[in-house]
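These notes concern the structure reproduced below.
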Amino acid sequence: KAGVTQTPRYLIKTRGQQVTLSCSPISGHRSVSWYQQTPGQGLQFLFEYFSETQRNKGNFPGRFSGRQFSNSRSEMNVSTLELGDSALYLCASSWGTDLYEQYFGPGTRLTVT
Amino acid sequence: QKEVEQNSGPLSVPEGAIASLNCTYSDRGSQSFFWYRQYSGKSPELIMFIYSNGDKEDGRFTAQLNKASQYVSLLIRDSQPSDSATYLCAVNPMDSNYQLIWGAGTKLIIKP
């Protein structure tokens, strides 16, 4: 069974630009969670989607948004990029009916210059 | 506020020895517990999960859960240099609102 895929794997953007990241979960998984990981902050929860509905959102500014499509694929968008948004962005999928184990994609490394 | 605590390390263990990683959590109603391994620059990889009190073994890995004391541990037997990584503990608390609570991770170094 194919794992979680994320595109693109690497991205370099300039301050003020916006970016869209994509995540395709494991087949059959309906929940997708997004995380930001930086060296000093560990894994920070962004949001979780299930059946196209956001069920929870972390403590991030409104510049961070996401959505989920009917095929469970998910996207996250960051508008008006700041230098501090440079991070590894991870998505994780799970069955979603209860919060059992999550499986991570390889991540998208975003660098903002 | 629900919290998960891990010693940041680094924890240095000789090759072939047992590495013991610990994690404590604040929410007594927590229901499921996960250990992830993360190599530098890579994404976390699920290596163990445990739901019931006691031990769960999978190859060289053993997860131990003690709900009364609110801790979960991971033992790695016959440690190998390839086990050198950061180990993340995650907990699914009661009323999780679909969010795992993560520890900051313990860096493990296996010395040849």
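Going line by line, the protein sequences match chains U and G.
Everything in the first sequence is counted per the numbering used here, starting at 1 for the first residue and increasing by one.
Everything in the second sequence is counted per the numbering used here, starting at 1001 for the first residue and increasing by one.
Here a beta-carbon is modelled for each residue, glycine too, at the ideal position from N, C-alpha and C.
In chain order, what residues of the same chain have a beta carbon less than 6 Å from the beta carbon of residue i, not counting five sequence neighbours either side?
i                 : result
Phe1034 (chain G) : Phe1049, Ala1090
Report all residues from its chain with a CB closer than 7 Å to the CB of residue i; omit the five preceding and five following residues, and keep chain order.
i                 : result
Asp85 (chain U)   : Val78, Leu110, Val112
Arg63 (chain U)   : Val78, Ser79, Thr80
Ser51 (chain U)   : Arg30
Pro8 (chain U)    : Thr108
Asp1078 (chain G) : Gly1016, Arg1060
Leu43 (chain U)   : Tyr35, Gln37
Pro1081 (chain G) : Glu1015, Ile1110, Pro1112
Phe60 (chain U)   : Leu46
Per DSSP, which one or two residues make a beta bridge with residue i?
i                 : result
Ala1085 (chain G) : G:Leu1108
Glu1057 (chain G) : G:Thr1062
Gly114 (chain U)  : In the structure displayed, chain U extends from 1 to 113; residue 114 (chain U) sits before or after that span and is not available.
Asn1022 (chain G) : G:Ser1073
Lys57 (chain U)   : U:Phe47
Lys146 (chain U)  : Not covered by the structure: residue 146 (chain U). The range shown for chain U is 1 to 113.
Tyr1036 (chain G) : G:Leu1046, G:Leu1088
Below 8 Å on C-beta distance, what does residue i contact in chain U?
i                 : result
Ala1104 (chain G) : Gly42
Taking residue i as the query, report the chain G residues whose CB atoms sit under 9 Å from its CB, ordered along the chain.
i               : result
Asn56 (chain U) : Ser1096, Asn1097, Tyr1098, Gln1099
Gln90 (chain U) : It should be noted that the sequence gives Leu, not Gln, for residue 90 (chain U). Neighbours of Leu90 (chain U) on chain G, chain order: Ser1043, Pro1044.
Please look up how many angstroms separate the CB atoms of residue i and residue j, rounded, as I've assumed it's under 8 Å.
i                 : j                 : result
Tyr103 (chain U)  : Val32 (chain U)   : Not confirmed; about 11 Å, so no contact.
Pro1032 (chain G) : Tyr1051 (chain G) : Per the sequence shown, the amino acid found at residue 1032 (chain G) is Ser instead of Pro. That belief holds up - the Cβ atoms of Ser1032 (chain G) and Tyr1051 (chain G) are roughly 5 Å apart, short of 8 Å.
Ala1085 (chain G) : Tyr1039 (chain G) : 5 Å
Pro25 (chain U)   : Ser93 (chain U)   : 3 Å
Leu1100 (chain G) : Tyr1087 (chain G) : 15 Å between Cβ atoms; not a contact.
Ser1008 (chain G) : Lys1107 (chain G) : 7 Å
Gln6 (chain U)    : Cys91 (chain U)   : 6 Å
So, for residue i: in the same chain, excluding its five sequence neighbours on each side, which residues have a beta-carbon less than 8 Å away from its beta-carbon?
i               : result
Thr14 (chain U) : Leu81, Val112, Thr113
Thr53 (chain U) : Gln68
Trp95 (chain U) : Gly28, His29, Arg30, Ser31
By the criterion of Cβ-Cβ separation under 7 Å, what are the contact partners of residue i in chain G?
i                : result
Tyr100 (chain U) : Ser1032
Gly107 (chain U) : Ser1043
Just the chain U side, please: which residues come within less than 7 Å of residue i by C-beta, in chain order?
i                 : result
Pro1044 (chain G) : Phe104
- Residues of the stretch 1049-1070 of chain G with Cβ closer than 8 Å to any Cβ of chain U, in chain order: Phe1049
- Message: Please list, in chain order, the residues of the stretch 49-80 of chain U that have any C-beta partner in chain G closer than 8 Å.
- Response: Phe50, Arg55, Asn56, Gly58
- Task: Mind checking the stretch 1021-1042 of chain G against chain U and listing, in chain order, the residues whose C-beta falls within less than 7 Å of any C-beta there?
- Result: Ser1032, Phe1034
- Message: Give me the subset of the stretch 11-32 of chain U whose CB atoms are less than 9 Å from a CB atom of chain G, sorted by chain position.
- Response: Ser31
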